[in-house]
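One structure below.
2 protein chains.
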Amino acid sequence: MARAGVTAERLTRAAADLADEIGFHNVTVSALARGFGVKPAALYAHVQDAQDLRIRVGGLALTELADRAGEALAGRAGKAALVAFANAYRDYARQFPGRYAAAQLQLDPETVTAATASPGSAASAAVSPAVSAAVSAARRHAEMTRAILRGYELSEPDQTDAVRMVSSTLHGYVSLETAGQFRHHPRQADLSWARTLDALDTVLRHWPPA
Amino acid sequence: MARAGVTAERLTRAAADLADEIGFHNVTVSALARGFGVKPAALYAHVQDAQDLRIRVGGLALTELADRAGEALAGRAGKAALVAFANAYRDYARQFPGRYAAAQLQLDPETVTAATASPGSAASAAVSPAVSAAVSAARRHAEMTRAILRGYELSEPDQTDAVRMVSSTLHGYVSLETAGQFRHHPRQADLSWARTLDALDTVLRHWPPA
DNA sequence: TGCAAATACTTAAAACCTTTAAGTGAGGCG
DNA sequence: CGCCTCACTTAAAGGTTTTAAGTATTTGCA
Chain A
1 MARAGVTAER LTRAAADLAD EIGFHNVTVS ALARGFGVKP AALYAHVQDA
51 QDLRIRVGGL ALTELADRAG EALAGRAGKA ALVAFANAYR DYARQFPGRY
101 AAAQLQLDPE TVTAATASPG SAASAAVSPA VSAAVSAARR HAEMTRAILR
151 GYELSEPDQT DAVRMVSSTL HGYVSLETAG QFRHHPRQAD LSWARTLDAL
201 DTVLRHWPPA
Chain B
1001 MARAGVTAER LTRAAADLAD EIGFHNVTVS ALARGFGVKP AALYAHVQDA
1051 QDLRIRVGGL ALTELADRAG EALAGRAGKA ALVAFANAYR DYARQFPGRY
1101 AAAQLQLDPE TVTAATASPG SAASAAVSPA VSAAVSAARR HAEMTRAILR
1151 GYELSEPDQT DAVRMVSSTL HGYVSLETAG QFRHHPRQAD LSWARTLDAL
1201 DTVLRHWPPA
């Protein structure tokens, strides 16, 4: 009975890799156990349950994505920052579709609120560490998006509105593109993407008054 | 052995209702059978399999959404059309979260390509009718979005790029909002939504040259 | 060094799920 | 009236998650 050396981290990474191969929603505890040459029940020593595992993969993806986006942002400002950030985002989604799907995991609202409310408080003690990690990675994304907008001199509440619009457009585009929605028309998705970023830049420079 | 009167349509509607209640990915053939007071195996007389059922729900949602969007669009042009269309979209997603999730179902690319290539051809005969319905409903959405842009006098390929940007922004916003992403900040999601639509209108009126 | 405690893994089992195949009964139609 | 179709049931195989209890290995400490 040689030990397989399973840990929560290795499990999460294996799940992420598997998700990129066969699709996030096809990843099962059983398949993962097979990959480690171990019985399914063994995994429950490292991970609370299947949902916990999924959330960990989501957290991993959000963290990796934030790291790449952060690198892309380094030393850039204005439109260059926007474009580099957006491309990091899109490239990641195309290279790691399973991870990207995991990052979009809809945590149930109450859990998110609890984790957001007061980190380290009694209320958030009930929240699993995986959820906290995912939520804090999501916050990093929001902060980076806000950092990009510093180049556009928007003040509150316009800045928040603009952060939401930029996030929406980037996420929406990548999401629709990977869903194959842009394959109905011959226009290359790369070109539309470039023009969409041009348009975002334009509207950020000329943000309409309320 | 009284007949329960199950049909594919009733099944689809029940699945959609259940999805709105308990979440799309929690809908099972078994739960659905229980709702009809019938054994799970009975449903396979009306529906190919679970995936077929999911695609039907997606098609139903896309169709309902297209109907509402179409009504919202009637008699409007320019920004009024954009706003009415966008609100129809967002309202639907908030009122029917399970259906909306079903509409986002990622059909696998090859299937979509087959259904898109040549409707009614030998190639698409292999595609299930549910897939065809979903794909054609998706096309209706694209056509309506294009209709909105007629008010902005964009010519190809700008029009296609703009269609993609608008779709992305609307879908992305609704998707992030329902995922609870906008709850981290006190700014009301309704207000950011209105400003996002203002911004979309602005950029469509001043679409940047290539 | 050697023993005890912690822990990685197995076996076993319950409770779900999907799906196919074969059988039964009821309703519609000639 | 009898037959056929078709909605539904029963039966069964095979997959999944998850808990509980047992076994063996590694760790850590005296």
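From first to last, the protein sequence lines stand for chains A and B.
Numbering of the first sequence is given in the numbering used here, commencing with residue 1 and proceeding in unit increments.
Numbering of the second sequence is given in the numbering used here, commencing with residue 1001 and proceeding in unit increments.
Built from N, CA and C at the ideal position, the CB exists for glycine as well.
Chain A contact for residue i (CB, 7 Å cutoff)
i: B/M1144; result: no
i: B/A1061; result: no
i: B/S1168; result: yes
i: B/G1098; result: no
i: B/D1052; result: no
i: B/R1013; result: no
i: B/S1155; result: no
i: B/P962; result: The displayed coordinates of chain B run from 1001 to 1210. Any statement about residue 962 of chain B would go beyond what the structure contains.
i: B/T1028; result: no
i: B/L1018; result: no
i: B/H1046; result: no
i: B/P1129; result: no
i: B/R1164; result: yes
i: B/D959; result: A query on residue 959 of chain B cannot be resolved here, the shown segment of chain B reaching from 1001 to 1210 and no further.
i: B/D1049; result: no
i: B/R1187; result: yes
i: B/L1176; result: yes
Residue range of the unbroken alpha helix (DSSP H) whose run includes residue i
i: B/E1071; result: 1050-1073
i: A/V203; result: 189-205
i: A/R90; result: 78-95
Simplified DSSP state of residue i, which is helix, strand or coil
i: B/F1036; result: helix
i: A/T12; result: helix
i: A/L105; result: coil
i: A/H46; result: coil
i: B/V1029; result: helix
i: B/A1004; result: coil
i: B/A1019; result: helix
i: B/A1210; result: coil
Proximity test, Cβ basis, 7 Å: residue i and chain B
i: A/A199; result: yes
i: A/T7; result: no
i: A/H141; result: no
i: A/G172; result: yes
i: A/I55; result: no
i: A/T196; result: yes
i: A/R90; result: no
i: A/V203; result: yes
i: A/R150; result: no
i: A/S192; result: yes
Contact belief for residue i with residue j at Cβ below 8 Å, rounded distance in angstroms
i: B/W1207; j: A/A199; result: 7 Å
i: A/V57; j: A/A19; result: 6 Å
i: A/F59; j: A/A137; result: The question names Phe, yet the displayed sequence has Gly at residue 59 of chain A. Their Cβ separation, rounded to whole angstroms, is 6 Å, which keeps A/G59 and A/A137 in contact under 8 Å.
i: B/A1031; j: B/G1151; result: Incorrect: roughly 45 Å between the Cβ atoms, too far for contact.
i: A/I148; j: A/A61; result: Not confirmed; about 20 Å, so no contact.
i: B/H1185; j: A/T160; result: 6 Å
i: A/D52; j: A/S132; result: Going by Cβ atoms, the distance from A/D52 to A/S132 rounds to 12 Å, so no, they are not a contact pair.
i: B/L1087; j: B/A1072; result: Note that residue 1087 of chain B corresponds to Asn in the displayed sequence, not to Leu. Indeed they touch by this definition, with Cβ atoms about 7 Å apart.
i: A/A102; j: A/T178; result: Actually they are not in contact, since the Cβ atoms of A/A102 and A/T178 sit about 13 Å apart, beyond 8 Å.
i: B/G1172; j: A/S175; result: 7 Å
i: B/A1014; j: B/G1035; result: 6 Å
i: A/G180; j: A/G98; result: With 8 Å as the limit, A/G180 and A/G98 do not qualify as a contact, their Cβ atoms being about 16 Å apart.
Residue i: CB within 6 Å of a non-hydrogen atom of the ligand MN
i: B/R1139; result: Among the components of this structure there are no ligands whatsoever, and the ligand MN is therefore not found.
Which parts of the stretch 1120-1192 of chain B are runs of the alpha helix (DSSP H), unbroken and 4 residues or longer, counting only runs that do not cross its ends? 1122-1125, 1129-1149, 1158-1178
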